[in-house]
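J.:
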Amino acid sequence: MTIYFDTNIFIYLSDENSAYFLQVKDLIQYCEDNKIKIATSVETIQEIIHFSINTQDLPFGFNTANKTLDLVDELYILDKKTVENYLTIVNKYRNRESRDFIHLATCINQKIGTIITYDHGFKKFKEIKVFTPQEFLNKFNL
Numbered sequence: 001m002t003i004y005f006d007t008n009i010f011i012y013l014s015d016e017n018s019a020y021f022l023q024v025k026d027l028i029q030y031c032e033d034n035k036i037k038i039a040t041s042v043e044t045i046q047e048i049i050h051f052s053i054n055t056q057d058l059p060f061g062f063n064t065a066n067k068t069l070d071l072v073d074e075l076y077i078l079d080k081k082t083v084e085n086y087l088t089i090v091n092k093y094r095n096r097e098s099r100d101f102i103h104l105a106t107c108i109n110q111k112i113g114t115i116i117t118y119d120h121g122f123k124k125f126k127e128i129k130v131f132t133p134q135e136f137l138n139k140f141n142l
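Those letters in the sequence shown? Residues 1 to 142, per UniProt numbering, in order.
This is the structure in structure tokens:
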């Protein structure tokens with residue numbers, strides 16, 4: 001099984017003061033213990049760096065990006081098929097943030113049925129199952 005992590009999961013994992021740090025840490029431990037592969041895309045790395053530039057903390061961005069690269073089993077590129085699906089999704093969901101569409105298109109192309117995120121906007125997408133870390137862990141009574 002492979003699940004896709006949205007950018008915010010990696011950002012919270014890199015911030016021990018985050019209210020979500022322990023939930024994310026528990027989720028990652030669960031994935032490791034149960035041989036669940038963690039995937040994301042190059043868009044996640046771009047978003048991490050963009051976030052760190054906007055918060056004027058580029059060292060945090062580099063640290064988080066490197067942790068992400070160490071953690072993930074799969075880092076998907078944005079190929080032509082993903083961009084074509086992205087454009088189709090943009091046309092379907094015209095009033096959502098474009099960055100979310102890249103993540104959704106990647107999941108569709110890679111046949112990943114689950115995304116983990118704290119972005120509740122993803123719940124509007126019908127093409128994929130969306131959970132927060134705690135919701136995902138609750139499925140297994142953890």
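Note that the Cβ used here is the ideal one computed from N, Cα and C, for glycine as well.
I'd like to check one pair, residue 75 with residue 40: are the Cβ atoms closer than 8 Å?
T.: Working through the sequence shown from its first residue, we reach residue 40 at position 40. Working through the sequence shown from its first residue, we reach residue 75 at position 75. Against a cut-off of 8 Å, the Cβ pair of residue 75 and residue 40 comes out as a contact.
J.: Might you give, ordered along the chain, the residues of its own chain that have their beta carbon closer than 8 Å to the beta carbon of residue 137, omitting 5 neighbours on each side?
T.: In the sequence shown, the residue the question calls residue 137 occupies position 137. Around residue 137: 23, 26, 27, 30.
J.: Quick one: using the 10 Å Cβ neighbour count with 16 as the cut-off for buried, is residue 53 buried or exposed?
T.: Your numbering for residue 53 matches position 53 in the sequence shown. Looking at its Cβ environment, which holds fewer than 16 other Cβ atoms inside 10 Å, residue 53 is exposed.
J.: Does DSSP classify residue 127 as helix, strand or coil?
T.: The sequence position of residue 127 within the sequence shown is 127, counting from 1. Residue state, collapsed to three classes: coil.
J.: Residue 34 to residue 51, Cα distance in whole Å?
T.: Here residue 34 refers to the residue found at position 34 of the sequence shown. Here residue 51 refers to the residue found at position 51 of the sequence shown. Their Cα atoms are separated by approximately 31 Å.
J.: For the candidate residues 118, 112, 4, 80, whose alpha-carbon lies nearest to that of residue 18?
T.: Working through the sequence shown from its first residue, we reach residue 18 at position 18. Minimum Cα distance to residue 18 is reached at 118.
J.: According to DSSP, simplified to helix, strand and coil, what is residue 49?
T.: Counted from its first residue, the sequence shown places residue 49 at position 49. Looking at residue 49 - three-state DSSP - the assignment turns out to be helix.
J.: Whole angstroms are fine: how far does the CA of residue 114 sit from the CA of residue 10?
T.: Here residue 10 refers to the residue found at position 10 of the sequence shown. Here residue 114 refers to the residue found at position 114 of the sequence shown. Whole-angstrom Cα-Cα distance: 16 Å.
J.: Buried or exposed: residue 100, going by 16 or more other Cβ atoms within 10 Å of its Cβ?
T.: Locating residue 100 in the sequence shown gives position 100, counting from the first residue. That one is buried.
J.: Sort 93, 45, 88, 71 by Cα distance to residue 187 and report the nearest one.
T.: Not covered by the structure: residue 187. The range shown for the chain is 1 to 142.
J.: On the DSSP bridge list, what partners appear for residue 144?
T.: The requested residue 144 is not part of the displayed model; the chain covers only 1 to 142.
J.: Just how far apart, CA to CA, sit residue 105 and residue 86?
T.: On the sequence shown, residue 105 is found 105 positions in, with the first residue counted as 1. On the sequence shown, residue 86 is found 86 positions in, with the first residue counted as 1. Cα to Cα, the separation comes out at about 5 Å.
J.: The beta strand (DSSP E) that contains residue 75, what's its start and end?
T.: The residue you call residue 75 lines up with position 75 of the sequence shown. Looking at the DSSP string, the run of the beta strand (DSSP E) that includes residue 75 is 74-76.
J.: Is it buried or exposed for residue 64, if we count other Cβ within 10 angstroms and need 16 for buried?
T.: The sequence position of residue 64 within the sequence shown is 64, counting from 1. So residue 64 counts as buried.
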